[in-house]
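Novice: Every number in our numbering is 37 more than the matching position in the sequence shown, counting from 1.
Every residue gets a Cβ at the ideal spot worked out from N, C-alpha and C, and that includes glycine.
All values reported here derive from a predicted model rather than from experimental measurement.
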Amino acid sequence: GTLAGGVAHDFNNILAIILGNLELAIDDFPRDHQGQINLEEAMTAGLRAKDLIRQLLSFSRPTDQSRQSLVIKPIVEESLKLMRSTLPANIEIQSKLDDRVHPIRSDVTQIHQVIINLCTNAAHAMAENGGQIQIGLLEKDLDKNDLEKLGKLVPGRYVILEVSDTGHGIAPEHLSRIFDPYYSTKEVDKGTGMGLSLVYGIVKSLGGEIFVESQPKVGTTFRLYFPVVDTEPVEEKEEIEEIPKGRGRIMLVDDEPALTKLGAQMLTRLGYETRTFNDPVEALQWFEVHADAIDLVITDMTMPHLSGAQVTERIKQQRADLPVVLCTGFNEYIDESGANHIGVDAFVMKPLILKDLAQTIHKMIVEA
Ligand SMILES: Nc1ncnc2c1ncn2[C@@H]1O[C@H](COP(=O)(O)OP(=O)(O)OP(=O)(O)O)[C@@H](O)[C@H]1O
Ligand SMILES: [Mg+2]
Numbered sequence: 038g039t040l041a042g043g044v045a046h047d048f049n050n051i052l053a054i055i056l057g058n059l060e061l062a063i064d065d066f067p068r069d070h071q072g073q074i075n076l077e078e079a080m081t082a083g084l085r086a087k088d089l090i091r092q093l094l095s096f097s098r099p100t101d102q103s104r105q106s107l108v109i110k111p112i113v114e115e116s117l118k119l120m121r122s123t124l125p126a127n128i129e130i131q132s133k134l135d136d137r138v139h140p141i142r143s144d145v146t147q148i149h150q151v152i153i154n155l156c157t158n159a160a161h162a163m164a165e166n167g168g169q170i171q172i173g174l175l176e177k178d179l180d181k182n183d184l185e186k187l188g189k190l191v192p193g194r195y196v197i198l199e200v201s202d203t204g205h206g207i208a209p210e211h212l213s214r215i216f217d218p219y220y221s222t223k224e225v226d227k228g229t230g231m232g233l234s235l236v237y238g239i240v241k242s243l244g245g246e247i248f249v250e251s252q253p254k255v256g257t258t259f260r261l262y263f264p265v266v267d268t269e270p271v272e273e274k275e276e277i278e279e280i281p282k283g284r285g286r287i288m289l290v291d292d293e294p295a296l297t298k299l300g301a302q303m304l305t306r307l308g309y310e311t312r313t314f315n316d317p318v319e320a321l322q323w324f325e326v327h328a329d330a331i332d333l334v335i336t337d338m339t340m341p342h343l344s345g346a347q348v349t350e351r352i353k354q355q356r357a358d359l360p361v362v363l364c365t366g367f368n369e370y371i372d373e374s375g376a377n378h379i380g381v382d383a384f385v386m387k388p389l390i391l392k393d394l395a396q397t398i399h400k401m402i403v404e405a
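Below you can see the structure in the form of structure tokens.
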């Protein structure tokens, strides 16, 4: 529980509004318009934020994170691009990334988290005078002779990620503590001490090792080893998937007016007629009279007066055949059996992404 549930819920709604509006705006620009390109950049960053929160909150939760074999160079590049746009001008990033490194067993968010945390620390260490961050990506065969510097690693082929800075360095007596959770030398509002422990956790969970070398006043190097997997690389899925449209009448219930407004806009673009409610009690009153006037219900989970589960129950009492889609936030994660238990037919994670929403609805009303 890094983020309190309530904070996560609000954060989620805010992110939903940002992402949803971006998505609609992108759609309004002609292709290859510079405005569209900029908005897509913002969208990419927003989606990362979404994944990141999800991952932070699922950290304590045993889930089978889909570990793919992943070529990490493009992910490293994307993370660096994001870093560059947030760093002050006196901090320079240089990278030397070998094109031929093999895939490792990881996912995009993990690599992203590693880079962002290491680079942010590096930038903090150079905040006063500026300096350089150097990123290296290479691959090496490590044999028995290398064993003493390998920690617990077994001989084999490794992808090595190096992040160096020319910052203030770490005193030798502190080196052994930097990976501890909550160990921080920063002011309370500047750091929680969770960054490196997160990175450490990720590297270890991937069967890797992390090493650090530092010299006070000269700089610091983090060196991360990831075992290579010999399976074929999996290409990152292109975003240009078909967004299915359809026809039908949808009731949308969410206590946040900005979200129903956004949802209605999305649904209208997809071809559906929408009726929105911000009060679940009102929604149910309307439904009692108009139960046959809709083809699908989308409801938020956490609302005042009535929860999405309760709304679903009442709706199913009147029309058991009506598909209900539940929107859940990060902190309200429900797996498939939980969804069956509540009686919902599908659920979508907030923030709503047009493509996910379109596919879910299409399955429920058009393909059914
Ligand atoms: N590149 C670096 N140069 C100098 N010191 C570092 C560097 N990276 C980490 N440290 C030291 O290790 C400590 C722990 O780092 P960690 O990333 O875990 O926490 P934090 O940066 O203090 O807070 P958070 O990452 O949660 O915002 C830092 O407070 C800092 O003292
Ligand atoms: Mg940090």
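Between the C-alpha atoms of ASN75 and THR257, what's the straight-line distance to the nearest angstrom?
Specialist: For the purposes of this step, residue 75 is taken as the residue at position 38 of the sequence shown. For the purposes of this step, residue 257 is taken as the residue at position 220 of the sequence shown. Rounded to the nearest whole angstrom, the CA to CA distance from ASN75 to THR257 is 34 Å.
Novice: Using a beta-carbon distance below 8 Å, is LEU134 in contact with chain C?
Specialist: Chain labels in this structure do not include chain C; a single protein chain is all it has.
Novice: Buried or exposed, going by whether 16 or more other CB atoms sit within 10 Å of the CB of LYS118?
Specialist: By one-based count along the sequence shown, residue 118 stands at place 81. Exposed, since its Cβ has fewer than 16 Cβ neighbours within 10 Å.
Novice: Report yes or no: do the segment 306-326 and the segment 277-296 share at least 3 C-beta pairs separated by less than 8 Å?
Specialist: yes
Novice: Rounded to whole angstroms, what's the CA-CA distance from ILE247 to LEU235? Just pull it up for me.
Specialist: To locate residue 247, count along the sequence shown from 1; it is residue 210. To locate residue 235, count along the sequence shown from 1; it is residue 198. Looking at the two C-alpha atoms, the distance is approximately 12 Å.
Novice: Does the beta carbon of ILE207 fall short of 7 Å from some heavy atom of ligand 1?
Specialist: Counting from 1 along the sequence shown, the entry for residue 207 is found at position 170. Because some heavy atom of ligand 1 lies under 7 Å away, the Cβ of ILE207 counts as near it: yes.
Novice: Is MET231 a contact residue of ligand 1, with contact defined as CB to any heavy atom under 7 Å?
Specialist: Working through the sequence shown from its first residue, we reach residue 231 at position 194. For ligand 1, at least one heavy atom lies less than 7 Å from the Cβ of MET231.
Novice: Helix, strand or coil: which one does DSSP assign to PHE48?
Specialist: To locate residue 48, count along the sequence shown from 1; it is residue 11. DSSP places PHE48 in helix when its eight states are reduced to three.
Novice: With DSSP as the reference, label TYR219 as helix, strand or coil.
Specialist: Along the sequence shown, one-based indexing puts residue 219 at 182. DSSP, reduced to helix, strand and coil, places TYR219 outside both helices and strands of the structure shown, so it counts as coil.
Novice: Distance check for ILE55 and MET303, CA to CA, integer angstroms please.
Specialist: Walking along the sequence shown from the start, residue 303 turns up at place 266. Walking along the sequence shown from the start, residue 55 turns up at place 18. Going from the Cα of MET303 to the Cα of ILE55 covers about 13 Å.
Novice: By the three-class DSSP mapping on this structure, what secondary structure does VAL361 have?
Specialist: Residue numbering aside, residue 361 sits at position 324 when the sequence shown is read from its first letter. Residue state, collapsed to three classes: strand.
Novice: Please confirm if the segment 182-196 is in contact with the segment 204-219, defined as three or more CB-CB distances below 8 Å between the two stretches.
Specialist: no
Novice: Would you grab the beta carbon distance between VAL113 and ILE148 for me? Rounded to a whole angstrom, and I think it's under 8 Å.
Specialist: The residue labelled residue 113 in the question sits at position 76 within the sequence shown. The residue labelled residue 148 in the question sits at position 111 within the sequence shown. Their Cβ separation, rounded to whole angstroms, is 7 Å, which keeps VAL113 and ILE148 in contact under 8 Å.
Novice: Within this structure, are the beta carbons of LEU243 and ARG142 separated by less than 8 Å?
Specialist: Here residue 243 refers to the residue found at position 206 of the sequence shown. Here residue 142 refers to the residue found at position 105 of the sequence shown. Yes. Within cutoff.
Novice: Compare the C-alpha of THR81 against each of HIS139, VAL145, ASP136 and MET338 and name the closest.
Specialist: Position 44 of the sequence shown, counting from 1, holds the residue named residue 81. The shortest Cα separation from THR81 among HIS139, VAL145, ASP136 and MET338 belongs to VAL145.
Novice: Measure the beta-carbon distance from ALA53 to PRO341 and round it to whole angstroms, keeping in mind my assumption that it falls under 8 Å.
Specialist: By 1-based counting over the sequence shown, the position of residue 53 is 16. By 1-based counting over the sequence shown, the position of residue 341 is 304. No, ALA53 and PRO341 are not in contact; Cβ-Cβ is about 18 Å, not under 8 Å.
Novice: Could you work out which residue in ALA395, ILE402 and GLU176 is closest to GLU279 when comparing CA atoms only?
Specialist: Within the sequence shown, the letter at position 242 stands for residue 279. Selection ALA395, ILE402 and GLU176 evaluated against GLU279 yields ALA395 as nearest (Cα-Cα).
Novice: By the three-class DSSP mapping on this structure, what secondary structure does LEU296 have?
Specialist: For the purposes of this step, residue 296 is taken as residue 259 along the sequence shown, with counting starting at 1. Here LEU296 sits in helix by DSSP.
Novice: Does the Cβ of ILE51 have 16 or more other Cβ atoms within 10 Å, making it buried, or fewer, making it exposed?
Specialist: For the purposes of this step, residue 51 is identified with residue 14 of the sequence shown, where counting begins at 1. Looking at its Cβ environment, which holds fewer than 16 other Cβ atoms inside 10 Å, ILE51 is exposed.
Novice: What is the rounded straight-line gap between the Cα of LEU134 and the Cα of VAL290?
Specialist: Here residue 134 refers to the residue found at position 97 of the sequence shown. Here residue 290 refers to the residue found at position 253 of the sequence shown. Going by the C-alpha atoms only, they are around 48 Å apart.
Novice: Go ahead and label TYR195 buried or exposed: buried means 16 or more other beta carbons lie within 10 angstroms of its beta carbon, across all protein chains shown.
Specialist: Here residue 195 refers to the residue found at position 158 when the sequence shown is read from its first residue. Looking at its Cβ environment, which holds 16 or more other Cβ atoms inside 10 Å, TYR195 is buried.
Novice: Give me the residue from ARG137, GLY228, MET386 and GLY232 with the minimum Cα distance to LEU107.
Specialist: One-based indexing of the sequence shown puts residue 107 at position 70. Here the closest residue by C-alpha is ARG137.
Novice: Taking DSSP's pairing of strands, which residues face HIS175 in a bridge?
Specialist: In the sequence shown, counting from the first residue as 1, residue 175 sits at position 138. The sequence given here places Leu at residue 175; His does not occur at that position. Answer is ILE197, bridged to LEU175.
Novice: Just the C-alpha distance for VAL200 and CYS156, rounded to the nearest angstrom, thanks.
Specialist: Taking the first residue of the sequence shown as position 1, residue 200 is located at position 163. Taking the first residue of the sequence shown as position 1, residue 156 is located at position 119. Each residue's alpha carbon lies about 7 Å from the other.
Novice: At a cut-off of 7 Å, is THR123 close to ligand 2 when judged by its beta-carbon and the heavy atoms of the ligand?
Specialist: Taking the sequence shown and counting its residues from 1, the one referred to as residue 123 is at position 86. Answer for THR123: no, Cβ out of range of ligand 2.
Novice: When we look at the beta-carbon of GLN322 and count the other beta-carbons within 10 Å, is it buried (16 or more) or exposed?
Specialist: Translated into positions along the sequence shown, residue 322 becomes position 285. By the 10 Å Cβ count, GLN322 comes out exposed.
Novice: Quick check on DSSP: helix, strand or coil for MET231?
Specialist: If you number the sequence shown from 1, residue 231 lands on position 194. Coil.
Novice: Is it right to say HIS205 is buried, meaning 16 or more other beta carbons lie within 10 angstroms of its own, or is it exposed?
Specialist: By one-based count along the sequence shown, residue 205 stands at place 168. The residue is buried, with at least 16 neighbouring Cβ atoms inside 10 Å.
Novice: Please name the residue in ILE352, SER116 and LYS110 whose C-alpha comes closest to that of GLU78.
Specialist: Along the sequence shown, read from residue 1 onward, the residue named residue 78 stands at position 41. Measuring from the Cα of GLU78, the nearest candidate turns out to be SER116.
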